[in-house]
Amino acid sequence: MYSEILEAPIVDQATVCYHCGDACGEHPIKKQDKTFCCHGCEQVFELLNDNQLADYYACDINPGISPTEKNFDFLNNTAFRNRLITFSNSEFSKVSFHLPAIHCRSCLYLLENLQKLNPNIIKTNLNFGKKDLTVWFKEDQLSLGALASLISRLGYEPHISNEEEKPQNNDQKHLFLQLGIAGFCAGNAMLFSFPEYLGIEDGSLQQLFGYLNLALGTIAVFYSGSDYFRNVYAHLKLGKMTIELPILLGILVGYGRSAYEILSHTGAGYIDSVSGLIFFLLIGKWFQQKSFDFLSFERNYKAYFPLVMTKIAGGKEVTAPLEEIKIGDRLLIRNQEIIPADAYLLKGKSDMDYSFVTGESELISIEAGQSIYAGGKHRGEAIEIQISKDLNQSHLTQLWEQQAFKDPHHKSENWENFANQVGFYFTIILLSLATAAGIYWYNVDPNRWSNAVVSILVIACPCALAVSYPFALGHGIRWLAKHQFFIKDIQTFERMAQVNTLVFDKTGTLTLQGKTEPSIHFNRELSEREWNAIYSLVFQSTHPLSKQVKKFLQGRTVLPMTQFKEVTGKGLEAHFEELFVQIGSAKYTNNHLVSPEGFISSESRLFVSINHRSIGFLEFPWENRPGIEALLHRLRHTYEIHLISGDKKEHASHLVDWFDNQDHLKFECSPMQKMEYIQKLQQQGKIVAMIGDGLNDAGALKQAHVGIAVSDDHLHFTPSSDAILKGSELAQLGTYLNYSKFGLKLIKASFLLSLVYNGFGLSYAIQANLYPLIAAILMPVNSISMLVIANVGMNWMGQNLTREKIRLKAD
1 MYSEILEAPI VDQATVCYHC GDACGEHPIK KQDKTFCCHG CEQVFELLND
51 NQLADYYACD INPGISPTEK NFDFLNNTAF RNRLITFSNS EFSKVSFHLP
101 AIHCRSCLYL LENLQKLNPN IIKTNLNFGK KDLTVWFKED QLSLGALASL
151 ISRLGYEPHI SNEEEKPQNN DQKHLFLQLG IAGFCAGNAM LFSFPEYLGI
201 EDGSLQQLFG YLNLALGTIA VFYSGSDYFR NVYAHLKLGK MTIELPILLG
251 ILVGYGRSAY EILSHTGAGY IDSVSGLIFF LLIGKWFQQK SFDFLSFERN
301 YKAYFPLVMT KIAGGKEVTA PLEEIKIGDR LLIRNQEIIP ADAYLLKGKS
351 DMDYSFVTGE SELISIEAGQ SIYAGGKHRG EAIEIQISKD LNQSHLTQLW
401 EQQAFKDPHH KSENWENFAN QVGFYFTIIL LSLATAAGIY WYNVDPNRWS
451 NAVVSILVIA CPCALAVSYP FALGHGIRWL AKHQFFIKDI QTFERMAQVN
501 TLVFDKTGTL TLQGKTEPSI HFNRELSERE WNAIYSLVFQ STHPLSKQVK
551 KFLQGRTVLP MTQFKEVTGK GLEAHFEELF VQIGSAKYTN NHLVSPEGFI
601 SSESRLFVSI NHRSIGFLEF PWENRPGIEA LLHRLRHTYE IHLISGDKKE
651 HASHLVDWFD NQDHLKFECS PMQKMEYIQK LQQQGKIVAM IGDGLNDAGA
701 LKQAHVGIAV SDDHLHFTPS SDAILKGSEL AQLGTYLNYS KFGLKLIKAS
751 FLLSLVYNGF GLSYAIQANL YPLIAAILMP VNSISMLVIA NVGMNWMGQN
801 LTREKIRLKA D
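Under the UniProt record's numbering, the letters of the sequence shown match residues 1 to 811, in that order.
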C-alpha cells in the first residue's frame with residue numbers, strides 16, 4: 001500500500017473533477033474515462049448514471065457539488081418531523097428544505113427528477129429564487145431523515161438550524177405595498193395629465209382629471225410617503241434634522257400648490273411629478289433594504305450547538321431536540337461534542353476545550369462532580385452530565401448580554417451617514433433662502449412671492465441625493481457579492497469606506513492548515529488492515545489534522561474498536577483486536593526525533609505508533625492564507641493594522657514581522673478582551689473594522705464599526721457580523737475597501753453636480769421667474785440624471801474591480 005502511494009503518478013494539478021469541477025490533486029479517481037476528486041463525487045456520478053440521469057452533466061460543465069456525509073436521522077424525531085412536515089396523510093407527506101448550495105440549471109434538473117432516484121419520492125418542486133425544495137414522498141416507505149440524507153449525498157445539504165424562525169418581514173410587505181401604490185398613482189397621474197401636456201382646452205375634462213389627480217396624489221403623499229412624516233417627526237423630537245426634512249418639504253409644497261391650483265381651477269398642478277418622486281424614493285428605499293436572504297448576518301450561540309442531544313431516560317438512550325433539554329436532564333456527551341448548557345459531570349473524565357468560548361486552546365481536565373460550562377467541547381471517552389442551568393442562562397450567554405448584542409442599533413447611535421450630515425446644513429440653507437425670497441417678493445410684488453417660495457423648495461429638493469445614495473451603494477453591494485464579499489446593508493458599505501483601523505484575528509483568518517495531501521514518512525509499509533485502523537481512529541476526531549487524514553484515506557473501511565481514548569492535548573488511541581494504534585504527538589506515540597519540533601512542524605505532523613512501535617508520521621503543510629503577506633504590506637500604508645488572538649505569542653512568531661508596531665499585537669485574548677480591545681480603539685476616535693472567523697470573535701465583530709466574518713463556507717457557521725467574506729477572497733480585502741471608498745466619493749461628486757444643477761434653477765426661482773410646474777418637471781429629471789451617473793459609475797468601477805483582482809493575482 002505504501003509503495004503504491006509513493007509510486008503513484010503525479011497528475012497535473014489542472015485536472016478537475018468531472019462532477020464538481022474541483023482540482024483532483026495528485027491522486028485522482030478514474031471511472032469510465034472520467035476523473036473525480038473523491039469517492040463521494042464518484043458515487044454521485046454512478047447514482048445518476050445508473051438511474052438514467054446522466055443528462056445532468058449536459059446542463060453545465062462540472063455542475064455538481066462535493067457531497068457531504070452528514071447523518072440526518074435526527075429528523076425522524078417527532079419534534080423535528082413536526083417542524084418540517086407541512087402536510088401529511090395516509091398516502092404521502094410534504095416537506096420543504098432550504099438548500100443554499102443550489103446555483104445553476106443543473107441543480108434544477110437534478111432536484112426536480114429525484115423521483116427517478118427513489119420510487120418513494122412522488123414529485124418535487126424547486127423554487128430556484130428562494131432555493132427551497134418541496135418534496136412529496138411516501139413517509140411510510142422513506143423516512144424524513146433518509147430523504148434529507150439522499151439530498152445531502154447529491155451535494156445539496158439541507159440547511160437546518162437551531163435558531164428561531166424569523167417572522168415574516170411585515171415591514172418589507174408594507175414597503176412593497178407603498179411602492180406599488182405610488183407607482184400606480186404616478187402612472188395614472190401622468191395619464192390624466194395628458195390633456196394639459198397636449199394643450200386640450202376642455203374645462204369639464206380638465207376639472208375631472210384634476211380631481212382624479214388630486215385623489216391619487218393624496219394617496220401617494222399620505223400613504224406611500226407616510227414613513228417620511230414619521231421619520232422627520234421622530235428626528236425633530238430629538239432635535240435632529242436629516243436629509244428627509246427638505247425632501248418632505250419639497251413633497252408637501254408641491255402637493256399643496258397642486259391642490260390649490262386644482263381646487264381653485266387656476267391650473268392643473270403637478271401631481272404626476274410629486275407621485276413620481278415618491279415612487280423613485282421608495283425604489284431607492286427598497287434597494288437599500290434589499291439583502292441576501294440565504295445568508296445569516298445575525299447569528300447567536302444556538303446556531304453553533306447540535307440540533308439534537310442524547311438524553312438518558314429510564315436507563316435508555318433517547319434522542320431529544322436541543323430545545324427540549326431542561327434542568328435536571330442527564331445527557332450522554334461523546335468525544336468532540338459541545339456542551340449545550342451549564343452542567344455537572346456525573347460519570348467519566350473530560351479534557352474540556354473551551355477555545356470555542358474563550359479563545360484559549362489549552363485543554364482543562366474535568367473530574368466527576370465538577371462544573372462544566374456551556375460551549376465547552378468534550379475530548380475523550382463518552383461522559384454523562386446533568387444540566388444545572390437553562391440554555392439561556394448559561395455561562396456562554398454572558399457574551400450575548402453585552403450592549404453590542406442587546407441593542408441592534410448600537411452601531412448607528414453615534415453615526416451619521418453622509419446624506420444626513422449634508423441634510424442638516426442643506427435644510428438650514430434651503431429654508432433660509434426660501435424665507436428670504438418670500439419676504440422680499442411679498443414686499444416687492446405680492447403676486448410673485450408664492451411662485452418664488454414654491455419653486456425654491458421644489459427645485460432644490462435633495463431628492464437626487466436621496467435616490468442616488470441607495471442606488472449607488474446598493475450596486476456596490478451587488479458587485480462585491482459577485483466576488484464572494486456579502487455586505488449586510490448600505491450603511492455598512494458606507495462605514496467600510498470610512499474605516500481607518502483594521503483588526504485581524506489570527507487562527508482561521510490569517511492562518512490555515514494546508515489543504516494539500518500529506519507526505520508519508522513511515523519506516524515500513526503498512527498492511528491494508530493497519531491503514532483501515534488509522535482511518536477508523538481519525539474518523540472519530542474533528543481535529544484539523546485528523547480531518548485531513550480522513551480525507552486522504554476516504555473510502556476505506558471503518559473497523560470496530562474498543563477502549564477508545566483521547567489524551568489531553570496529545571492524541572488518540574484504540575484497540576482493533578490484535579492492533580493497538582496511537583496517533584498524535586511524537587512523544588505520545590514514542591517516536592524519537594533527531595531535533596526538537598518547532599511550533600509549525602508540531603502543528604503539521606501526525607505521528608503513528610502500532611503495538612507500541614513507532615511507525616513515523618504523516619506531514620501536512622502548515623500555511624498562511626494565500627496572499628496574506630502582500631495584503632498586510634499594502635494595507636499598512638493606508639490603515640492602522642492590529643492583530644488580536646486567543647493563541648500564545650510563540651504560536652504566531654512568523655506573523656510578528658508583518659506588523660510595523662509591536663504594540664498593535666495582543667495575544668491570549670478571551671472573547672470579552674477582544675471586544676474591550678475594539679472599544680478602546682473606538683474611544684480613541686478610530687473607525688474600526690474587525691476581521692475574524694469564529695464564535696470567540698463574535699463580540700469583537702459586533703462591537704466594531706464594521707465586523708467582517710471570514711468563512712470558507714459562508715452558508716454555515718459564520719458568526720454574527722456586518723459582512724461575510726469568503727476565505728479565498730481575503731487577499732483581495734484591500735481592493736474591496738478601495739471600491740467602497742470610490743462609492744462614497746461618487747455619491748459626494750454626484751451631490752456636488754446636483755448642487756450646480758440646483759444652483760442654476762435657483763437663480764431663476766429666486767427671481768420668481770421659474771414657474772412651479774417647470775420646477776416640478778426639473779426635479780425628477782435631476783434625480784434620474786443622478787441615478788444614471790451613480791449606476792454607470794459603480795458598474796464601471798465594478799468591472800475595474802474584476803480587472804484589479806486579476807492583476808493582483810498575476811503579481
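The C-beta atom is built at its ideal place from N, Cα and C for all residues, glycine as well. In this text, all values refer to a predicted model and were calculated from it rather than measured experimentally.
Residue 722 is positioned such that its CB atom lies no closer than 8 Å to that of residue 565. The C-alpha of residue 748 lies about 12 Å from the C-alpha of residue 793. The region 178-185 makes no contact with the region 92-110, as fewer than three CB pairs between them are under 8 Å. In the structure shown, residue 702 falls within a helical segment according to DSSP collapsed to helix, strand and coil.
Restricting attention to 475, 286, 449, 154, the CA atom closest to the CA of residue 49 is found in 154. Residue pairing for residue 34: DSSP places it in a beta bridge opposite 31.
Per the Cβ contact rule, the region 364-374 is not in contact with the region 425-444 (fewer than 3 Cβ pairs under 8 Å).
Taking residue 308 as reference, the option from 315, 317, 144, 322 with the minimal CA-CA separation is 322. Take the alpha-carbon of residue 92 and the one of residue 159: they are about 23 Å apart. Straight across, the Cα-Cα distance linking residue 572 with residue 123 is about 46 Å.
Judged by DSSP secondary structure, residue 491 falls within the alpha helix (DSSP H) whose first and last residues are 490-497. The criterion of a C-beta distance shorter than 8 Å is not satisfied by residue 687 and residue 608.
Around the Cβ of residue 591, a 10 Å sphere holds 16 or more other Cβ atoms; the residue is buried. The DSSP-derived three-state label of residue 120 is coil. In the displayed model, residue 241 falls within coil according to three-state DSSP, outside both helix and strand.
Under the DSSP definition of a beta bridge, residue 633 lacks any partner.
Secondary structure at residue 341: coil, using DSSP grouped into helix, strand and coil. In the pairwise beta carbon analysis, the region 669-689 is classified as touching the region 489-500: at least three pairs are separated by under 8 Å. Around the beta carbon of residue 732, 16 or more other beta carbons lie within 10 angstroms, which makes this residue buried. Per DSSP, residue 690 is one residue of the beta strand (DSSP E) stretching across 688-692. Residue environment: residue 58 is assigned as exposed (fewer than 16 neighbouring CB atoms within 10 Å of its CB, all protein chains considered). Checking the DSSP bridge columns, you'll see residue 709 partnered with 692, 724. Taking the Cα positions, residue 441 is about 14 Å away from residue 432.
Taking every protein chain shown into account, the CB of residue 443 has fewer than 16 other CB atoms within 10 angstroms, so this residue is exposed. For residue 626, there is no enclosing beta strand (DSSP E), as DSSP marks it with neither H nor E.
Here residue 331 is bridged, per DSSP, to 311, 385. The three-state secondary structure of residue 561, taken from DSSP, is coil. Distance between residue 617 and residue 473, taken at the CA atoms: about 52 Å. In the structure shown, the three-state DSSP call for residue 127 is strand. Under the 10 Å beta carbon count, residue 605 is surrounded by 16 or more other beta carbons and is classified as buried.
If you look at residue 574, you'll find it in the beta strand (DSSP E) that goes 571-576. Only buried fits residue 19, as 16 or more other CB atoms lie within 10 angstroms of its CB. Using a 10 angstroms sphere on the CB of residue 511, the tally of other CB atoms reaches 16 or more, which defines it as buried. Residue range 78-84 is occupied by the alpha helix (DSSP H) that includes residue 84. Of the candidates 278, 346, 523, 56, 346 places its Cα closest to the Cα of residue 332.
With a beta-carbon spacing of about 12 Å, residue 373 and residue 353 fall beyond the 8 Å limit used to define contacts.
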